[in-house]
Every structure is written in structure tokens, then in C-alpha cells.
Amino acid sequence: MFSFTQVLVPSLLLASSVLGRVHPRAAAATTTITVEATVTQTVYWQAAASTTAISTGTKVSLNAAATALAKTTSTTTTAKASSATAAATSTSTVGTGSSKPIVAAYYPDWVSMTPEQIDWTKVDWIDFGKSFAVVDSDLNIVFTDSSSTGLLTRAVKAGHAAGKKVKLSIGGWSGSTYFSRSVATADARTALVAKMVTLYNQYNLDGIDIDWEYPSTPGQSGNIVAAADTGNFLIFLQLLRNALPASAKITAATQVWPFTGTDGNPLSDVKAFAAVLDWISIMVYDVWGSSSTPGPNAPLSDGCGNSLQPLANAYAAVKSWSTAGFPVNQIVLATAAYGYISTSTATTLVERRKERRRGGAQLSSVGDIGNWINFAGGAKRDPHGQLLRKSSLARKASMKKGLRKDHRKRAWSSKRSTTVTLYNDAGGSVDGQIMFNDLIAQGALVWSSTTKKWIAAGGFTRSWDACSSTPFLRSSASGQVITYDDPDSLSLKAQFALQAGLGGVNVWDIHGDTSAFDLLVSLRSGLGLA
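Numbers -20 to -1, 1 to 510, taken from mature numbering (1 follows the signal peptide of the UniProt record, and there is no 0), label the letters of the sequence shown in order.
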């Protein structure tokens, strides 16, 4: 087990609870309150995954880093918090609002999958968009596709009919260019809050998700960045929290480390953000893209204990944010329903270069615990350039391939065992991103009625990277390596989320799942919800 300690921040009146904290809302009446509290939060993660069988016949072991996290450490911090202003009548509790971990998924508006095709029994929340509702150069919030508003209306209607909830996600990798300007001044912040409140009411939403990539840190080339971004973002969030109804959820997609401070380093104290954000979704993916020396896309841990980029895995990300004061029950682990195609003859995954972007990769091992094979270096690449897909191309490729029809659990057959070469989601390149269900549609995975798992086909073999606890496919005939997540690895991530006391899991994105929603089923199972 490992332990993280929360400390009450003096500038805010906070009260720790299982489901979140109470924070002040604007009110005419004010009072001065001093709170003295002892806050200890202990979360548990035991290496139960070491007994989980993978279809390759090996066992998963979380090795050194996970073992270190499994040791008991407990600290208690007493803090006095005082506030000159506290709400006399109106309060709002932040957090997921659920006594159980949640399962959330992004639903992008450019896919052929309709809102009515979502199996709403498998999700609690849908985040609509991601790079499709953006702040433009005039600091207005616009949808980048004419069909977006109609789809959003349908998604909310379908979700509410099923008793589930929908947030609008604003920003994304390609949609964060003008966030800095939109929160830079008091007038700009007030205007942006008003626009988000209008959207919230207009579409009968349940919350707003902010996917700013990234405050005070360069993301996509051309983004406006300022040292004051993170501080301005906090002020904006406080305004938005006060403007929205108490029941509205405000969330943010984040990097694996806390928001960047004015000195260019991750903040050591993010408790003020935890007071206004219901949860954050830590994006532990895109750690390694297409490369001749590929590495894992979404590591669970630094299982080998000697990664050059030790922050870029689920374990370390949760610890980084929690150590900085963000409660674990307000952390959602974001997972991937996609992987990367690499033109490569590699038989193992490698560590990535020391490069501070969204993540970093692991030293690798194939097979059982102990057989570590270390490789230096790593190819230079731009995972985010590969991640950015034109919505029109993606929609055409999705519609052409009939994705929702091609992922039924068909038994393995020698007729489908011929060698295949995989192509990415944009439909044309042999390198780049590929959704899990496209691995099935293109013949690299088939359903085994014997093992009840998706197994390699089409000339590919499946291996297990014990350092990152993720699978990969390789084919000598096509000269390709596919790094991805499957039901086995996602179940392990969900088990970690459950035993660490996280708020839940999220997946980018739901249309990458099978027609039976096998990935969501595995996440729910790992969380103990199935």
C-alpha cells in the first residue's frame, strides 16, 4: 500500500469527505471561519496483478516500482485553514458524486457511431467532443463541425433516458490555441464563463470538461503560452464554479504531472484546483508513438524500475498529483482504446529518450518476470502530430470500413489467417494510430472461442511487455509492431484504480471499442462493477 496526505489550503475553506470537499460559493453574507483539521488519506494498491493470467501464458508482475508503492507509508499533516469569506447559504461538494468508481468515455463527434448505438449500461459519463468545441481567435466557443450540435443534443437525450450524464469537452490537442488569451484578463475570464454557462443551459448538460493542452506549457505548435496561464486558469475555474449550478461537474484533462507554475516546473501544491475541479482525468497515453524502435503507448507502471522517464506511467502520475495535494478520489485514470502502428522489426519494446512531452516510456521485457532486456535510445517522433486527425478524413475512413459491423466475436479461422498489413485510422498510411476495433476489422486480432479472448492473427504474434504491463503485436511478414491496450491490460489499469481509491477510469474513445464493448466491460470488471 502507499499513502498520500492532503493538507487544507489556507485560502479556501475545505472539509474532507469520502466523496470530495466542500468549498465556499459567492454569497452576500460573509463570515470569518478558522478550521483546524487533521487530514490523512491512505490508499491501497497491492500487486494483485501478479497473479493475473495473460493469454500468452505468462504472469504479470509489477516489479520494483510497484513493490515500492505497495509498502506501507503513512503521514499525517495538521493544518489550520482560515478564510475571511465563506458561503453563508450556498455550498457545492466536489467529487464524482458516486460511492463507486465511475466509468467515463469520450465520444468524438466525427465518428460513424451514433449516440443511440452507445451501450449506456457500460458507462456513467460521456464526454462529448475533444477538439471539436474550441475557443477561437475571437475567444468564442465554436463547434468545428456542423453536425456537432445535433449529435450533442442526441447524446444528452440518450444519456439522460438511460439515467447517465453528459459533459461537453472543450479544447483538446488541436483546440487549445487560444485558451491562454481567453483567461488572461478579468474581462476575458468573465466572458468565457458566461459562454460556458450558456452552453451548459442550452444543451441541458451535466458538466463541462476543460481539455487545455496545456496551461503554461507548449502543446501543439502555434499555441499561445504564458507563464501566468496556470494562475489565470485557477481564477477562471473559481469563477466558473460559482456561476454553474451546484450539481454541475467541472473536470479537466491533464498531463501526468501537475500544472506548470511560473517557474516552468510542476506545481508542488494543487489543492486550490482540487477545491473547484470535481475530478481530473490524467492522460497516461501517447507515451510513445510510431517509431522504428517502438515503446508502450500507455504504461501502467515503471515495472523495470529504471525508466528514464519515471513520471510517465499510471502509478507515478497518481503519486505526482496526490503528493501535490489532489485527492485520489478526485483522480480519474484516462486510458486508451487505440495503439500505434510502427514499421519495425523489433521483438521487444524499448525505453524512450529523455524528452518531456506528455509522457515517457519504459525499459522493456518480454515474457515472465526477471528476463529484462535493456535497450538505449529511442527514435525521434511527434506523437501528437500523429494523434491529430482531420475530422473529415477520420469520418470517411470510419464510414467506409463500417466499424460497428466488423467487430463481432467471430471464431478464428484459417481463412482469416493470411498475412495482413495494417493501416492507420486516417486510411492510407502504414504508420500512426489505430483503434482497437480496427485491429479486428483489418484481421490482426480474432476472437478465440477457446480462450474467450482476442488473439493475434494475420501473421501477427502477441507478446507481453512486463515493464509497462501492456501487450504488443508483431509481424515479420509485414514488418510491423503494434503497441496497444486490450481487455487484459485495461483490466489491470482498472484494478489499480480501484485499489488505489481513484474516482474511476476514462477511455479515449468509445468508438474504438468492439460492438460488444469488450474494453468497457474489462474496465468495469477491473473496478468490480461487472
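Where a beta carbon is used, it is the ideal one built from N, C-alpha and C, also for glycine.
Source: prediction; values computed, not measured.
| Query | Result |
| --- | --- |
| Does the contact criterion of 3 or more C-beta pairs under 8 Å hold for the segment 300 to 307 versus the segment 461 to 475? | no |
| Considering Cα atoms alone, identify which of S456, D498, Q475, L482 is closest to D466. | D498 |
| For P198, is the classification buried or exposed, using 16 other Cβ atoms within 10 angstroms of its Cβ as the cut-off for buried? | exposed |
| In angstroms with no decimal places, state the Cα-to-Cα distance between A496 and P95. | 15 Å |
| Have a look at I190, A477, A436 and flag the residue whose alpha-carbon is nearest the alpha-carbon of T463. | A436 |
| So, helix, strand or coil for A255, using DSSP? | coil |
| Taking just the CA atoms, how far does A138 sit from A113? | 20 Å |
| Please report the Cβ distance between L119 and A168, rounded to the nearest whole angstrom; I am assuming they are in contact, meaning their Cβ atoms lie under 8 Å. | 6 Å |
| Can you find the residues in the same chain that come closer than 8 Å, C-beta to C-beta, to P238, ignoring five residues on each side of it along the sequence? | P246, L247, S248, V250, S300, W301, A304, F306 |
| Start and end of the beta strand (DSSP E) containing D209? | D209 -> not in any beta strand (DSSP E); alpha helix (DSSP H) instead, spanning 209 to 223. |
| Which of helix, strand or coil does DSSP assign to I414? | strand |
| Rounded to the nearest angstrom, what separates S448 and Q289 at their Cα positions? | 12 Å |
| Spell out the partners DSSP gives G152 in its beta bridges. | W192 |
| Could you spell out where the alpha helix (DSSP H) holding F159 opens and where it closes? | 159 to 162 |
| Contact defined as beta carbons within less than 8 Å: I believe T323 pairs with V410. What is the distance between those atoms, to the nearest angstrom? | 6 Å |
| Quick one: using the 10 Å Cβ neighbour count with 16 as the cut-off for buried, is K80 buried or exposed? | exposed |
| Assign A276 to buried or exposed, taking buried as 16 or more other Cβ atoms, counted over all protein chains shown, within 10 Å of its Cβ. | Before going further, note that residue 276 is Pro rather than Ala in the sequence given. With 16 or more other Cβ atoms within 10 Å, it is buried. |
| Please report how far the alpha carbon of P451 lies from the alpha carbon of M415, in whole angstroms. | 14 Å |
| Check D493 in the structure and name its three-state DSSP category. | coil |
| Under 8 Å, with one C-beta from each stretch per pair, do the segment 131 to 149 and the segment 177 to 192 reach the 3-pair mark? | yes |
| For the structure I just gave you, are there three or more beta carbon pairs, one from the segment 481 to 496 and one from the segment 76 to 90, closer than 8 Å? | yes |
| Buried or exposed, going by whether 16 or more other CB atoms sit within 10 Å of the CB of A226? | exposed |
| Given this structure, state the Cα-to-Cα distance separating T315 from V487, to the nearest angstrom. | 5 Å |
| On the criterion of 16 or more Cβ atoms from any shown chain inside 10 Å, does D445 qualify as buried, or is it exposed? | buried |
| Using a threshold of 9 Å, state whether the C-beta atoms of V312 and V136 are closer than that. | no |
| Closer than 8 Å by C-beta to V163: which residues in its own chain qualify, once you throw out the five before and the five after it? Chain order, please. | R169, L172, D209, N212, F213, I215, F216 |
| Could you check the C-alpha separation between A317 and I190 for me, to the nearest Å? | 21 Å |
| Taking the beta strand (DSSP E) that F452 belongs to, which residues open and close that run? | 450 to 455 |
| Nearest to T165 by CA position, among L219, Y180, T178, is which residue? | L219 |
| Among V91, D99, F108, whose alpha-carbon lies nearest the alpha-carbon of residue 543? | Any question about residue 543 goes unanswered here, given that the chain covers just -20 to 510. |
| Can you find the residues in the same chain that come closer than 8 Å, C-beta to C-beta, to V441, ignoring five residues on each side of it along the sequence? | Checking the displayed sequence, the identity of residue 441 turns out to be Thr instead of Val. So the list reads L453, R454, S455, once near-sequence residues are dropped. |
| I want to check one thing, is the minimum distance from the CB of K229 to the heavy atoms of the ligand PLP below 8 Å? | Inclusion of the ligand PLP in the displayed structure is not the case, the ligand content being empty and no account of it being possible. |
| With H, G and I counted as helix, E and B as strand and the rest as coil, what does DSSP make of N181? | helix |
| Which two residues bound the contiguous beta strand (DSSP E) that contains Q460? | 460 to 463 |
| What's the gap between the Cα of S78 and the Cα of R161? | 35 Å |
| Identify which residue in T231, R134, T431, L402 has its Cα closest to the Cα of I420. | L402 |
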